[in-house]
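Engineer: If you count the sequence shown from 1, you need to add 22 to reach this note's numbering.
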Amino acid sequence: MLFRLGRAYTDRYRPSADTLHQAGHYAQPFENVHFASFLEGTAVFVNGGEETFLREYAENVAKSRLVWSYLLALHQRYALIASAADAAHTYRGGTPPTLATLSALIERLSKVQLKCLFLEISHHSHQNEFYSLCRESLRVSALYTEVSGEVAELNLLLNEQARREEGVRREETEHRREAEQAQASERERKFNTLLTVVGLSLGSISIVSDLSPNLFIYFCKWLLTDLFQRDFEGWKRGLSPGWLEFLYGSAVYFSNLAFGILVGFGLGKVLVRLMPKRFASLKSDSVPSQNAATS
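1. If Y153 and A95 are in contact, beta carbons under 8 angstroms, what's the gap, nearest whole angstrom?
2. DSSP three-state label for H97, please.
3. Just checking, does the stretch 128-147 make contact with the stretch 181-191 on the three C-beta pairs under 8 angstroms criterion?
4. Of the residues Y35, N69, G63 and V134, which one's Cα is nearest the Cα of L27?
5. Considering only C-alpha positions, which residue in the set A101, L93, L102 and F52 is nearest to Y79?
6. Can you tell me where the alpha helix (DSSP H) with H148 in it begins and where it stops?
7. Exposed or buried, R36, counting other C-beta atoms within 10 Å across all chains shown (16 or more means buried)?
8. Are the CB atoms of A84 and V66 within a distance shorter than 7 angstroms?
9. Round the Cβ separation of S163 and L61 to the nearest angstrom and send it over; I've been treating them as touching at under 8 angstroms.
10. Measure how close the beta-carbons of H97 and C138 come, nearest whole angstrom, since I'm counting them as under 8 angstroms.
11. Count the other CB atoms, across all protein chains shown, that sit within 10 Å of the CB of A107; report buried if there are 16 or more and exposed otherwise.
12. So, is S38 buried or exposed, given that buried needs 16 or more other C-beta atoms within 10 angstroms?
13. Closest to N54 by C-alpha separation, out of G46, V68 and T41, would be which residue?
14. If I'm right that L121 touches Q183 with Cβ under 8 angstroms, what's the distance once you round it to whole angstroms?
15. To which residues of the same chain is R199 closer than 6 angstroms at the C-beta, ignoring the five residues directly before and after it?
16. Just to confirm the assignment: which complete alpha helix (DSSP H) runs, minimum length 4, are found wholly within the stretch 33-97?
17. If you draw a straight line from the alpha carbon of Q149 to that of L102, how long is it in whole angstroms?
18. Classify R209: buried if its beta carbon has 16 or more other beta carbons within 10 angstroms, exposed otherwise.
19. For A30, which of helix, strand or coil comes out of DSSP?
20. Mind checking which residues open and close the alpha helix (DSSP H) that includes I128?
21. Does the separation of the CB atoms of L178 and L124 fall below 7 angstroms?
22. Is the beta carbon of A104 sitting closer than 7 angstroms to the one on E172?
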């Protein structure tokens with residue numbers, strides 16, 4: 023009777039003796055109360071006793087508590103099956119999941135374990151016994167073990183993928199740093215070239231100016247006539263001797279000043295390259311003193 027009620031089988035099905043007495047599907051907490059639970063459904067059979075007891079048990083226990091206990095266990099089964107299916111489809115299409123996908127799946131599986139799974143639900147022994155029977159017949163514990171193993175595997179995948187992505191980010195950062203260093207070296211090379219050209223030009227002007235005013239005039243003539251294609255004689259006639267003397271003196275002063283600055287700057291760069299550790303220590307020593315002055 024319990025077998026046919028619980029599995030909703032008609033008389034055409036004739037279960038074997040082993041099936042009828044299969045463990046994990048039947049329980050008898052009292053002499054007149056019998057429980058049965060299967061994947062297809064559940065059955066509560068009460069025999070004997072007063073009519074009032076039968077009616078009260080059906081209304082107050084079977085309908086209001088036991089049925090909901092079976093539905094809770096059934097909900098756990100469906101939730102765990104769905105979670106196991108989601109975990110199995112993680113690599114659907116051969117495409118590795120992203121960190122966000124793995125994290126969301128692990129969070130969903132953890133919520134199922136925390137919100138749906140309960141070992142006991144009542145202060146009454148026979149109701150907990152019925153609930154345990156439902157969980158056993160619906161294989162909730164086996165499904166929970168399966169899902170827990172999949173969560174552990176997903177955690178391993180998550181950690182491994184995070185490690186790989188961290189390695190990729192580290193390589194990209196290293197490549198970017200090398201590219202920036204190469205660009206900085208190229209800028210420094212161009213600046214040094216420009217510095218050399220300007221320094222040689224100013225040095226030439228300074229040397230020519232120091233040797234003789236006539237050499238300075240010839241240098242200006244070459245500069246205007248050959249490089250800029252200007253009429254040097256017309257430009258010279260338009261200037262008074264006082265202006266020529268002023269230009270000559272200004273050229274001598276500013277060329278010497280600029281040449282000295284460039285020479286000092288160049289010597290400073292040479293010293294930094296020759297003694298990088300010494301200048302780095304001086305720079306680090308100056309930081310605490312600046313902080314102390316600020317405080």
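In this text, a Cβ means the ideal position worked out from N, Cα and C, and glycines have one as well. Since we're looking at a predicted model, the values are computed, not measured.
Structural biologist: Looking at the atomic coordinates:
1. For Y153 against A95, the beta-carbon gap comes to about 7 angstroms, under 8 angstroms, which counts as contact.
2. H97 falls in the helix class under three-state DSSP.
3. The stretch 128-147 vs the stretch 181-191: no contact.
4. Closest by alpha carbon: G63.
5. Y79 has its Cα closest to that of F52, out of A101, L93, L102 and F52.
6. Taken as a continuous stretch (DSSP letters only), the alpha helix (DSSP H) holding H148 covers S147 to S159.
7. Exposed, by the Cβ-count rule.
8. A84 sits close to V66, with the two beta carbons spaced by under 7 angstroms.
9. For S163 against L61, the beta-carbon gap comes to about 15 angstroms, at or over 8 angstroms, which does not count as contact.
10. About 7 angstroms separates the two Cβ atoms, so the contact holds.
11. Flag for A107 reads exposed.
12. For S38, the number of other beta carbons within 10 angstroms of its own is below 16, and it is reported as exposed.
13. Cα-wise, what sits closest to N54 is V68.
14. Q183 and L121 do touch by the CB rule: their CB atoms are close to 6 angstroms apart, below 8 angstroms.
15. Annotation for R199: no residue places its beta carbon closer than 6 angstroms to its own, counting only its chain and skipping 5 residues before and after.
16. Listed in chain order, the alpha helix (DSSP H) runs fully inside the stretch 33-97 are 39-42 and 73-78, counting runs of at least 4 residues.
17. About 23 angstroms.
18. With a 10 Å radius around the Cβ and a threshold of 16 neighbouring Cβ atoms, R209 comes out exposed.
19. A30: coil per DSSP, three-state reduction.
20. L121 to C138 is the span of the alpha helix (DSSP H), which, as asked, contains I128.
21. Taking 7 angstroms as the Cβ cut-off, L178 and L124 do not qualify as a contacting pair.
22. Their beta carbons are not under 7 angstroms apart, which means A104 does not touch E172 by this criterion.
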